[in-house]
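This report refers to the structure that appears directly beneath it.
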Amino acid sequence: MTTPTVVSGTLDIGGMTCASCVRRVERALSRVEGVERAEVNLATEVATVAYDPARVSAPALIAAVERAGYTATIRADEPRRPGATPGSPVPAPADDDAERARAQERELTRLKRTWQLTLATGLSMMVLMYVPLSIDAMDWLMPALLVVATVVQFGAGRPFYRAAWAAARHGGVNMHTLVALGTTVAYAYSAFVTLWPAAAERLGLPLHVYFEISVVVIALVLTGRWMEARARRQTGAAIGALLGLRPRTARVLRDGVEVEVPVDSVVVGDLVRVRPGEKVPVDGTVAEGASTVDESMLTGESMPVSKTVGDVLIGSTVNRTGSVLLRATAVGQDSTLAQIVRLVQEAQGAKAPMQRLVDTVSAWFVPAVIGLALLTFGVWAVAGPDDGRLTLGIGTAIAVLIIACPCALGLATPTAIMVGTGKAAELGILISGGDALEQARRVTTVVLDKTGTLTRGRPDVTAVHTVAGVDADRLLAYAAAAETGSEHPLGEAIVRHARARDLVVPPADSFAAVPGHGVEAEVAGLRVLIGNRELLRRHGIDAAPLSDAATAVAARGGTPVHVALDGRLAAVIGLADTVRPEAAEAVAQLRTLGLEVRMLTGDNRITAEVIAREVGIDHVIADVRPEEKAARVADLRATGAVVAMVGDGINDAPALAGADLGIAIGTGTDVAIAASDITLVGGDLRGIVSAIALSRRTVTTIKQGLGWAFGYNVLLIPVAAGVLYPAWGILLDPSLAAAAMAMSSVSVVTNALRLRRFRRPETAAALRPRLGARLGEWAYLTGVAALALAVGAGFTALSRTDAAARGMNGVLAWTQGTGMPMRPAMSTMMTAETEPVPAEDAGLRVDLRMPAGVVPGQPATLRIRVTDAETGRPVRDVGRSHEAWMHLIAVRDDLASFAHVHPQPTGRPGEFDVTLTFPTAGRYVVHTEFRRKGELTDVLQRHDVAVGDPADVIHQPPAVSGRQQVVDGVRVTLDGTARVGGSRFTYRFADAATGRPLTGLRPYLAAAGHVVIMSADADSFAHEHAETFDAAGRPVFALPGQTYGPDLDLHVDFPRPGRYRLWGQFRLADDHVITVPFTVDAR
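By my numbering, the letter at position 781 of the sequence shown is numbered 879, and the numbering carries on one by one without gaps.
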């Protein structure tokens, strides 16, 4: 049976915008036969696919992604076996990377230019909504806005339609669907109202345009995408920095001549010359020369490292002082830098556990939002206030579609992981992915291996004890000369120590190794013995004079090495695996983090406890064989501890694999150790502290981002749906919704970018941040929220000003409220005088129904029913006239009482109700006045009703009144002569107490004032409107925010001579409406 070969491929995915896209691409790839696993990362826009190449090819994977509505390209260095170190794949050329970067830059530039132009257009259109406009401006302005909005909708908005359609063709939805739906609804409704206003009026649609909404929403979403793309590019700065370290050329020794060749041409075994100040082109070992090398790009340590013959050099590090010749050992994809880049890329592309839950939620998010938008529209369209149900339904539905943001949900985790793992790489810490980041935060116990972890992993000279009269430096020089030919680690340590002290080491004339005991040599005519006490005893040399020194060395965990010169004891050299200089500080910092620290070693307890005391560890597990280490780690985990095992990654491999978190101490070249969860490239133990601290910060940032994203949607979607409107009258403007949606994604990404400020803790105290620092971690998003609330409150307040009410939509709403249909030359039409027509002439029947037994002085509900006179069917097209569905004016037949009320629709076609109190018994003349949609003329119907017993009323004919009346502290004077035919009057308003002219009168029912004129016999009725003119003689319309005073004009046509009563109604500056009666004789 043949076992299938599984390879891992990496695809660059284009067109994703939210977590819904992630799920869609993952499903598309997972359904391909032969694919075992597919994971997609939104922040990196990368899909990692494990598949069987015998059953599926890379083009098939690309085709599956394209069928889902996205683009895909496979990377040049893929596929490879998962978890294996690539051996020979050819890396993508540097030119390809540069071209990709240039393409991204061009796209960013194009996106920037598009959003800037679109936003400027949208803001200009929005200004028109908030600056006073002439009603005649609608003649040309609305068509002009339609043209501009069309260009933006199908130009700048084309990517949204394309992506939404691609998803829809496969039965899916995404963020583009929300944007496309919201803006299309706004644009289409506005276009319909602009092109067919009469049809819109007949259908009862409000004359309201949303052109600026569609344009601004598109602009703000594009702005958010641009800012997000810029921020995401910064999240990959760590990878860019690593890739930027690669040298382009190398000086290779060919046939004894140095030749400069591209670095890709260097092969393993080549000799390469590296001069001072140059970057090391490839990995290798020093074949000739010595220098110091800056390895900070790998380890994060700024101190240069000395290098001599045989030492390892890592490609892309910087040679500082000397010229060296190295022999290449690893090139291309096998180099240390290439492996580090790949490990970081894989870590950034890996999916954290908490992200999987987010992806599941996001898969249902967009369909749920669309359903909620439809529900919002339906609720407000049916149960909203009578005044503007459809406007409210449309506006809230658009706001819900626009404000819902799955992008923030999808970006919160991957962007934080990208920045966190990238920052870790800068500090010499390689993190395998999101799982390791999350697990590092949970660690409660850190188990440290001794050899190679707490210690250097090699013996070093710790002490030199000489007998009297022997010079220590001279002795070390002879000992180093004797050990120069030795391969024993103790001998190498002595040679290394002598060279470090710059001692002149003479050559050895002879050398012989004594297995199990030491070495014998002849140096400068002296016979040198170096070894254990048994070697000296065999040569009859007494070691007793330095036995105390040897015992002290052993007590400290070291190995005493005896040295004899010419048959006499000369010294005891202490050698030991020395503790790393940063070990004690690292242990102290781990304990500051609240972690329990243990040592795990195969050494004897005495040696182990010596090291433990030196570094500050209280818990020691000693005498443990390598195969038992994993069991001891399992025992700790069984107690409930979350264990991080730290080892050299080789002998400790079982324990590393068995721990909750495996941390390997790397050497800089052995990057294969990164098969553990975390690898410390430079071997600095403080990297453990940095890794755990950075993990905590990263997970906190992820939680902040997810909390912000969930909170944003949970709080603002209901606000967009209008839940605050019934109680406080607060609605979320769709433009604000678009801005909030864009800023939610941008703020999540930029919050993750703050991880780039993370610094390696220098001291244990630095790990105990003050309260201010802890609060500062949440201050950024809190500040964004506060700023957003301030902007929203300011915008809402602006939209409620008088100036905003006189903007474009305010004028349209006012025009419709007056009952005038949208036609050219509106100002001319509105000043034209048209007489109302009787209901009979209009083909209508108007019935007034009163309850039986109406009691004078008690409220009674009157019902007016309007039907077609011929068919008897209810009339459904009654529209507003002067901001009211119907005007009902009730006057007692002797003109002694007056009431002007406004019946409201009952919900049944053609029926209107109003509550009215008849002050006394008597006969009343009731006039109902209304207008059908799209008509220019009012319909008027007279009704004669009796209340109580009319005989109980003593009629008094109206007497001519004076020309001044004082009502509620306002003195009103009526100037003018009443003449049959046309008469002009002037109302003058003044403060009754001071006599000062009164200004600031406000419009009342879309007019400067309403005046009802009736003859003394109640046979003649007229409903006129007060007016005024500007300096140019043009009428001043009662637009929202307009004020009048102290004079208002009135034109009245008296049909015949006689006595008439005029009831004038005016709204004062404090919104109080006064009714002022005058009685005049027309001649």
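Built from N, CA and C at the ideal position, the CB exists for glycine as well.
In the DSSP assignment, Gln-1062 is bridged to Thr-1071. The shortest CA-to-CA distance from Thr-321 to any of Ala-837, Ala-757, Ser-530 is the one to Ala-837. Ala-570 is the residue among Leu-896, Ala-570, Trp-876 whose C-alpha sits nearest the C-alpha of Leu-601.
Classified as exposed, Arg-1094 has fewer than 16 neighbouring CB atoms from the shown chains inside 10 Å of its CB.
Closest by C-alpha distance to Val-291, out of Gly-805, Ile-786, Leu-279, Pro-304, is Pro-304. Note that the C-beta distance between Val-372 and Asp-409 is not below 9 Å. Note on geometry: alpha-carbon atoms of Arg-696 and Thr-543 lie some 8 Å from one another.
Where Trp-1161 is concerned, the enclosing beta strand (DSSP E) starts and stops at 1156 to 1165.
Counting only runs of 4 or more residues that sit fully inside the segment 938 to 1026, no alpha helix (DSSP H) segment turns up. Runs of the beta strand (DSSP E) lying entirely within the segment 112 to 161, each at least 3 residues long, are 133 to 139, 144 to 149 in chain order.
In summary, Trp-238 is exposed, with fewer than 16 beta-carbon neighbours lying within 10 Å of its beta-carbon over all protein chains present. In this structure Asp-362 is not in contact with Ala-428, their Cβ atoms being roughly 13 Å apart against a cut-off of 8 Å. Of the residues assessed, His-1053 falls on the exposed side of the cut-off, its CB having fewer than 16 other CB atoms within 10 angstroms.
Restricted to the segment 803 to 833, the alpha helix (DSSP H) segments that are unbroken, complete and at least 4 residues in length are 823 to 826, listed in chain order. Taking a C-beta distance under 9 Å as the contact criterion, Arg-730 and Val-740 do not qualify as a contact pair. With at least 16 other beta carbons inside 10 angstroms of its own, Gln-687 counts as buried. Excluding the 5 residues flanking it on each side, Ala-596 has same chain C-beta neighbours closer than 8 Å at Leu-574, Ala-575, Ala-577, Ala-578, Val-603, in chain order. The residue among Val-661, Arg-1159, Ala-510, Arg-328 with its C-alpha nearest the C-alpha of Arg-208 is Arg-328. Non-local beta-carbon contacts of Thr-1177 in its own chain, meaning distances under 6 Å to residues more than five positions away in sequence, involve Pro-1056, Val-1058, Ser-1059, Arg-1159 in chain order. Between the segment 992 to 1002 and the segment 929 to 945 there are fewer than three inter-stretch CB-CB distances shorter than 8 Å, so the stretches are not counted as touching. Contact between Leu-792 and Ala-514 does not hold, since the beta-carbon distance rounds to 11 Å and is not under 8 Å. Assigned with DSSP and collapsed to three states, Thr-103 falls in coil, not helix or strand. Straight across, the Cα-Cα distance linking Glu-1122 with Gln-1163 is about 11 Å.
With contacts defined by Cβ atoms closer than 9 Å, Ala-1106 and Val-1134 form a contacting pair. In the DSSP assignment, Ile-776 forms a beta bridge with Ile-529, Ile-761. The beta carbon of Thr-1071 sits closer than 7 Å to the beta carbons of Arg-1061, Gln-1062, Arg-1086 from its chain, once the five residues preceding and following it are set aside; these are given in chain order.
As the crow flies, the alpha-carbon of Asp-640 is around 11 Å from that of Ala-668.
In the three-state reduction of the DSSP assignment, Arg-666 falls in the strand class. For the 9 Å CB-CB criterion, Arg-635 and Leu-663 do not form a contact. By the C-beta criterion, the segment 533 to 542 is judged to be in contact with the segment 791 to 806, since at least 3 inter-stretch pairs fall below 8 Å.
With a 10 Å radius around the Cβ and a threshold of 16 neighbouring Cβ atoms, Val-1078 comes out exposed. Taking all protein chains shown into account, Gly-692 has fewer than 16 neighbouring C-beta atoms within 10 Å of its C-beta and is therefore exposed. Going by C-alpha positions, Ala-742 is about 6 Å away from Gly-760. The DSSP assignment places complete alpha helix (DSSP H) segments of no fewer than 4 residues inside the segment 358 to 402 at 394 to 397, in order along the chain.
With fewer than 16 other beta carbons inside 10 angstroms of its own, Thr-1004 counts as exposed.
Three or more beta-carbon pairs separated by less than 8 Å are not found between the segment 702 to 721 and the segment 806 to 813, which leaves the two stretches without contact.
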